[in-house]
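**Student:** Here the sequence shown is numbered in our numbering, starting from 859 and rising by one per residue. Note that the Cβ used here is the ideal one computed from N, Cα and C, for glycine as well.
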Amino acid sequence: TRLMRPMHRLAAAATCLLLLPSTTQAARCLDWSVLGADGSHSSRVPLKMNDRKVCGMAGSQGLETCTAEGSCALGGEVKDIGFVDENKCVNDHSAETLSFVGTVDPDCNTRWRFLTYDVWPIGSVIISGKTENGHNFGVCRCPKDEDKEVFDIGKLYLSGPNMGACVCPQSEGKDKIMIGEYEYLQADEGKGHLFDDVASNSNTDVAMADEELMPAVKQLISRHLTSEDKEMLENITNTPVSTLEKELMEQPPHFLRKILSHERYVPHPTLNNMGLHLLRCILAERVADDRRRKRGYHLHPDYESFMQNGILVKNFTELSDQDIRGIMAMVSGLDMEELPPLKWVDRPVKHIAGDAQYEMHMDTFHAAYKIWIYQNETTEDQGPLNFVRGSHRNTKGKLGWLYRVSIPPATHVLREPSVRLNEDETLLGFNRREVMTTPAQSFVIADTSAFHARGLAEPGTIRNAMRIEGPYDGGLPRKNPFFE
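1) Could you pull out every residue in the same chain whose Cβ sits closer than 6 Å to the Cβ of Ala1323, ignoring the five residues on either side in sequence?
2) Could you tell me how far apart the beta carbons of Leu1314 and Gly1212 are, in whole angstroms, since I believe they sit closer than 8 Å?
3) Relative to the alpha-carbon of Val997, which residue among Lys1006, Thr989, Arg1153, Ile1011 has its alpha-carbon at the smallest distance?
4) I need the boundaries of the alpha helix (DSSP H) containing Arg1291, first residue and last residue.
5) Give the DSSP bridge partners of Asp1204, in chain order.
6) Quick one: Cα of Gly940 to Cα of Arg1081, how far?
7) By the DSSP assignment, the beta strand (DSSP E) with Glu1041 in it spans what residues?
8) In whole angstroms, give me the CA-to-CA distance for Lys1049 and Tyr1227.
9) Should the stretch 1160-1177 be called in touch with the stretch 1190-1206, which here means at least 3 C-beta pairs below 8 Å?
10) Just confirm the distance between the C-beta atoms of Phe1301 and Phe1223, as a whole number of angstroms; I'd bet it's less than 8 Å.
11) Quick one: Cα of Val948 to Cα of Glu954, how far?
12) Give the secondary structure of Met1186 by DSSP, where H, G and I count as helix, E and B as strand, and everything else as coil.
13) Lys1254: which of His1156, Glu1217, Thr1295, Glu1086 sits nearest, CA to CA?
14) Cα separation between Gly928 and Ala1023?
15) The beta strand (DSSP E) spanning Ser1348 covers which residue range?
16) Check whether the Cβ atoms of Gln1215 and Thr974 sit closer than 8 Å, and answer yes or no.
17) Checking 8 Å against the spacing of the C-beta atoms, do Glu1283 and Ser1307 come in under that value?
18) Do Leu1136 and Glu1105 have their beta-carbon atoms positioned less than 8 Å apart in this structure?
19) Which whole-angstrom value describes the C-beta separation of Thr1236 and Arg1290, a residue pair presumed to lie in contact below a C-beta threshold of 8 Å?
20) Exposed or buried, what is Val903 when buried is set at 16 or more other beta-carbons lying within 10 Å of its beta-carbon?
21) Between Val959 and Val942, how many whole angstroms is the CB-CB distance? I'm expecting something under 8 Å.
Take a look at the structure:
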């Protein structure tokens, strides 16, 4: 008899969302002002929901950190949120006389974004406060009726046991906890970098002095870019790599810092026409390959299979913890001490009509690793993972497509958290996507820089899976893709 290994829950997880650094004082997308003191925010717009003003509760901090003009230094430190009701801020759990009105900067292009199930990281969340327990949260809303025209206000937890869930207070002291089918307050991905309260999926904090950036870029190109890489880039872009490199060396330090970061896409009026985005894709892949080989992971028995396909499916009951950690290290190139604890959490997926996850996409420009454990058999009618084997590698076909979508104005790449595939994968030289049906007790690990999608299923269908808990997108930590 096959016995399933025990599952454990992690009591709490720290967030690894990072705020983008700024060399100057940045504005806030969402600010909190003393109720009724709107004079200093004439250019800002009140945040409303259900035609009611959204407000923040300061808890024990009170008003002492706010100026006489009504500008509140609490910023993202409100403890709870609700609606303005006369001179109080109220929700179904509490009411507070000392409250703050939420206002947004029009330049943020703030909007409500619908979120489906099992999506993490959540793109461009506006960090709106911190609970008494120290968990950062954004503003979200839970539908109150079937027509989804009236909403309860809630907190989108960015850390802790409810990370990724929208928690809306209900009457009788209960909470509605939604892990999908809610909306959250999002800043524009392209303009959000101007604001210091927008959580990014990227880490732009490259720990290097300005004078070190240019030599670092030059060294990456000289050390990792092969003659075959250069020829392929030049055939796609009609620009010699030497020309691109020369132009890069003339860029200011803050731009080079972005190039060397996790930033999914670095806009520029001319450099992406020359192949900047493609260069970053290739360099990240070469660094990852080098990282694995330096650690001897190329000797792992599953190495060749993973490198060829970008995905592994194993029998979970036959794997020890050491086996799992070995596989995680091999695919990611991480050192053993960098791997997260093997703590698992239920993460069911409920299928909904029009889910954006049904579209074939890649998560980011560099390797990213996700893990699923399917305790039960997954069948085609449950809408399992669809995956294009081998598409985690930057082939000429994939790079040609990336070039077409990354040259200016690159509207889709700037706006969407993931890059959607708008062409048939077979036209890029790959085999057709595979529907990843799996037997019970399957352990699946995949590089989601490959093309993948959620399989189609009838709305309301539930597909159960266990995910590794923590701020890792259900997978492994993402290191800077350009450094060891």
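**Tutor:** The short version:
1) For the purposes of this step, residue 1323 is identified with residue 465 of the sequence shown, where counting begins at 1. Correct list, in chain order: Arg1205, Trp1230, Tyr1232.
2) Counted from its first residue, the sequence shown places residue 1314 at position 456. Counted from its first residue, the sequence shown places residue 1212 at position 354. The pair is not a contact, with the Cβ atoms about 11 Å apart (cut-off 8 Å).
3) Taking the sequence shown and counting its residues from 1, the one referred to as residue 997 is at position 139. Of Lys1006, Thr989, Arg1153, Ile1011, the residue nearest in Cα terms is Ile1011.
4) The residue given as residue 1291 occupies position 433 in the sequence shown. Note, Arg1291: premise wrong, no alpha helix (DSSP H); not H, not E.
5) As a position in the sequence shown, residue 1204 is number 346, starting the count at 1. According to DSSP, Asp1204 bridges with Met1324.
6) As a first step, residue 940 must be located in the sequence shown, where it is residue number 82. As a first step, residue 1081 must be located in the sequence shown, where it is residue number 223. Rounded to the nearest angstrom, the two C-alpha atoms are 54 Å apart.
7) Position 183 of the sequence shown, counted from the first residue, corresponds to residue 1041. That run of the beta strand (DSSP E) goes 1040-1044.
8) Stepping through the sequence shown from its first residue, residue 1049 is reached at position 191. Stepping through the sequence shown from its first residue, residue 1227 is reached at position 369. For Lys1049, the pLDDT reaches just 46, beneath the cut-off of 50, and the residue's location in the model is therefore unreliable, leaving the point undetermined.
9) no
10) Position 443 of the sequence shown, counting from 1, holds the residue named residue 1301. Position 365 of the sequence shown, counting from 1, holds the residue named residue 1223. Going by Cβ atoms, the distance from Phe1301 to Phe1223 rounds to 27 Å, so no, they are not a contact pair.
11) Here residue 948 corresponds to residue number 90 of the sequence shown, with the count starting at 1. Here residue 954 corresponds to residue number 96 of the sequence shown, with the count starting at 1. Cα to Cα, the separation comes out at about 7 Å.
12) Walking along the sequence shown from the start, residue 1186 turns up at place 328. Of the three classes helix, strand and coil, the one that applies to Met1186 here is helix, per DSSP.
13) Here residue 1254 refers to the residue found at position 396 of the sequence shown. Cα-wise, what sits closest to Lys1254 is Glu1086.
14) Looking up residue 928 in the sequence shown gives position 70. Looking up residue 1023 in the sequence shown gives position 165. A caution first: Gly928 carries a pLDDT of 43, below 50, which makes its placement in the model unreliable, though a value can still be read off. Their backbone Cα atoms lie some 32 Å apart in a straight line.
15) Outside the modelled stretch of the chain, which goes from 859 to 1342, sits residue 1348, for which no answer is possible.
16) The residue you call residue 1215 lines up with position 357 of the sequence shown. The residue you call residue 974 lines up with position 116 of the sequence shown. Yes. Within cutoff.
17) Position 425 of the sequence shown, counting from 1, holds the residue named residue 1283. Position 449 of the sequence shown, counting from 1, holds the residue named residue 1307. No, the pair does not count as a contact, with Cβ atoms beyond the cut-off.
18) Looking up residue 1105 in the sequence shown gives position 247. Looking up residue 1136 in the sequence shown gives position 278. No, these two residues do not count as a Cβ contact at 8 Å.
19) Here residue 1236 corresponds to residue number 378 of the sequence shown, with the count starting at 1. Here residue 1290 corresponds to residue number 432 of the sequence shown, with the count starting at 1. Thr1236 to Arg1290, Cβ: 19 Å. No contact.
20) Taking the first residue of the sequence shown as position 1, residue 903 is located at position 45. By the neighbour-count rule (16 or more Cβ atoms within 10 Å), Val903 is not buried but exposed.
21) For the purposes of this step, residue 959 is taken as residue 101 along the sequence shown, with counting starting at 1. For the purposes of this step, residue 942 is taken as residue 84 along the sequence shown, with counting starting at 1. Their Cβ separation, rounded to whole angstroms, is 6 Å, which keeps Val959 and Val942 in contact under 8 Å.
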